[in-house]
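Going by our numbering, the sequence shown runs without a break in its numbering and finishes at 360.
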Amino acid sequence: MKKIMILPGDGIGPEIVNETVKILDFISRGHDISYEFDDVGGIAIDKYGIPLKDETLEKCKNSNAVLLGAVGGPKWDTTVPGKPRPEDALLKLRKHLGLFANLRPVKIYKSLMSSSTLKEEVLNGVDILVIRELTGGIYFGERKRQSDEKGEYAYDTEKYYKYEIERIARLGFKTAGIRSKKLTSVDKANILESSRLWRETVNMVHKDYKDIELNHMYVDNASMQLIRNPGQFDVILTSNMFGDILSDETAMISGSIGLLPSASLREDSFGMYEPIHGSAPDIQGQGKANPVAQILSLAMLLRYSFALTYQADIIEKAVNAVLEKGFRTADIYNNGGKKKLVSTSEMGNLILNEIKIFM
Ligand code: IPM
Ligand code: MG
2 MKKIMILPGD
12 GIGPEIVNET
22 VKILDFISRG
32 HDISYEFDDV
42 GGIAIDKYGI
52 PLKDETLEKC
62 KNSNAVLLGA
72 VGGPKWDTTV
82 PGKPRPEDAL
92 LKLRKHLGLF
102 ANLRPVKIYK
112 SLMSSSTLKE
122 EVLNGVDILV
132 IRELTGGIYF
142 GERKRQSDEK
152 GEYAYDTEKY
162 YKYEIERIAR
172 LGFKTAGIRS
182 KKLTSVDKAN
192 ILESSRLWRE
202 TVNMVHKDYK
212 DIELNHMYVD
222 NASMQLIRNP
232 GQFDVILTSN
242 MFGDILSDET
252 AMISGSIGLL
262 PSASLREDSF
272 GMYEPIHGSA
282 PDIQGQGKAN
292 PVAQILSLAM
302 LLRYSFALTY
312 QADIIEKAVN
322 AVLEKGFRTA
332 DIYNNGGKKK
342 LVSTSEMGNL
352 ILNEIKIFM
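As structure tokens, then:
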């Protein structure tokens, strides 16, 4: 029996998870898959005073995969030190589950080329995988707010152990090996000592993967090159914070952040799967959210944690088919041509129907 913990979270999380569960119910027939729901993020703060209960973390540890919606919202925004934030749940899950590698694939859908702010000739053939280190760096380094004779100050620390860089680099080279054998490592080695160790270590690991073409790029240049000529990239390997920033930028290349899934992995088959977008509280409960990123996150779960490649392929094909037929949620509806505007649940049902045809 394979177990999935489903954590819908806040904002549009529950809506898009709802659509995804319809698909999971259909896909998992005949397979020994069970699932259970629990609260994380703001909703858990409201119910229990903390964003992630130990019990919830334990349940995740005892499952084979986690499917997460999104966390956060203005209701829980606070700058008061020590006050719980919904995002703490996410960081704690990533850290305690040991999910050091975050994979964020970016594909261009032919039918959505006009949704991107970039020109079609720039987008042609773009297929990028951002690999973001997820359990180290400034997200987890020491941070403090203090005062001295000059007044109040604050700091955060970007700290990387060599072993942390080495394991994500190995995963990066291995992944590049099954794609187009090209890896771009992004850092800020002209300034940061942690980036110099990053670059040195990536070069060291490269010796074991000589068939992979490696280049290094500073993060400021990389953010420019992504818009100038995204086709030059295949696998992008980078640190936690640079990966956070660059993956949002890469998402816009595809047309909408509502389309992109992610997988957070470690060395075994366990993983946590979530859209790269946030909880979008501004459109919560209006049927405007795009469930595609969440549904594609389920496809990644089936592929990486359960080795159900056929089922994952079908979900991806179904999403493509629905977009080809011109159905659009609000985020990708630009009023041009004969596009049909649909709600969150209509989109979910359309994808499910397509899956039923394929299976
Ligand atoms: C992401 C998000 C999170 C992050 C936030 C919600 C903590 O932006 O997954 O990219 O910064 O990692
Ligand atoms: Mg982000």
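Backbone N, C-alpha and C define an ideal beta-carbon position, used for all residues, glycine too.
Just so it is clear, the structure is predicted and the values come from calculations on it, not from any experiment.
- For the ligand IPM, a non-hydrogen atom lies closer than 7 Å to the CB of residue 279.
- Annotation for residue 260: 293, 294 place their beta carbon closer than 6 Å to its own, counting only its chain and skipping 5 residues before and after.
- In this structure, residue 3 sits away from residue 28, with a CB-CB distance that is not shorter than 8 Å.
- Between the ligand MG and residue 89, a heavy atom-to-CB distance of less than 7 Å is absent.
- In the three-state reduction of the DSSP assignment, residue 38 falls in the strand class.
- For residue 108, DSSP records a beta bridge to 128.
- Checking the 7 Å criterion, the Cβ of residue 272 is out of range of every heavy atom belonging to the ligand IPM.
- At least one heavy atom of the ligand IPM falls within 7 Å of the beta-carbon of residue 245.
- Residues 7 of the same chain have their beta carbon placed closer than 6 Å to that of residue 38, with the five preceding and five following residues left out of the count.
- Under the three-state reduction of DSSP, residue 278 is assigned to coil, being neither helix nor strand.
- Within the stretch 200-283, complete beta strand (DSSP E) segments of at least 3 residues are found at 214-219, 236-239, 262-266, 272-276, given in chain order.
- Residue burial annotation: residue 342 is exposed, with fewer than 16 other C-beta atoms found within 10 angstroms of its C-beta.
- Of the residues assessed, residue 32 falls on the exposed side of the cut-off, its CB having fewer than 16 other CB atoms within 10 angstroms.
- C-alpha of residue 44 to C-alpha of residue 71: approximately 11 Å in a straight line.
- Its Cα nearest to that of residue 129, the residue 230 stands out among 344, 230, 274.
- Excluding five sequence positions before and after residue 53, the CB atoms of its chain that fall closer than 6 Å to its own CB belong to 41, 90, 93, given in chain order.
- Counting only runs of at least 4 residues, the stretch 117-194 fully encloses the following alpha helix (DSSP H) elements, listed from N- to C-terminal order: 121-124, 163-178.
- For residue 214 against residue 182, the beta-carbon gap comes to about 6 Å, under 8 Å, which counts as contact.
- C-alpha of residue 173 to C-alpha of residue 66: approximately 21 Å in a straight line.
- Judged by DSSP secondary structure, residue 303 falls outside any beta strand (DSSP E) and instead within the alpha helix (DSSP H) spanning 293-305.
- Membership of residue 319 in the alpha helix (DSSP H) is indicated by the continuous run 310-325.
- A straight line joining the alpha-carbon of residue 50 with that of residue 242 spans about 28 Å.
- Per DSSP, the unbroken alpha helix (DSSP H) holding residue 25 starts and ends at 14-28.
- Here residue 82 is exposed: its Cβ has fewer than 16 other Cβ atoms, across all protein chains shown, within 10 Å.
- If you draw a straight line from the Cα of residue 249 to the Cα of residue 131, it comes to about 10 Å.
- The ligand IPM has a heavy atom closer than 7 Å to the beta-carbon of residue 73.
- Residue 169 is positioned such that its CB atom lies closer than 8 Å to that of residue 101.
- A residue is called buried once 16 or more other Cβ atoms fall within 10 Å of its Cβ, and residue 308, having fewer, is exposed.
- Distance from the Cα of residue 138 is smallest, within the candidate group 244, 280, 265, 352, for 244.
- Going by DSSP, residue 6 is part of the beta strand (DSSP E) stretching over 3-10.
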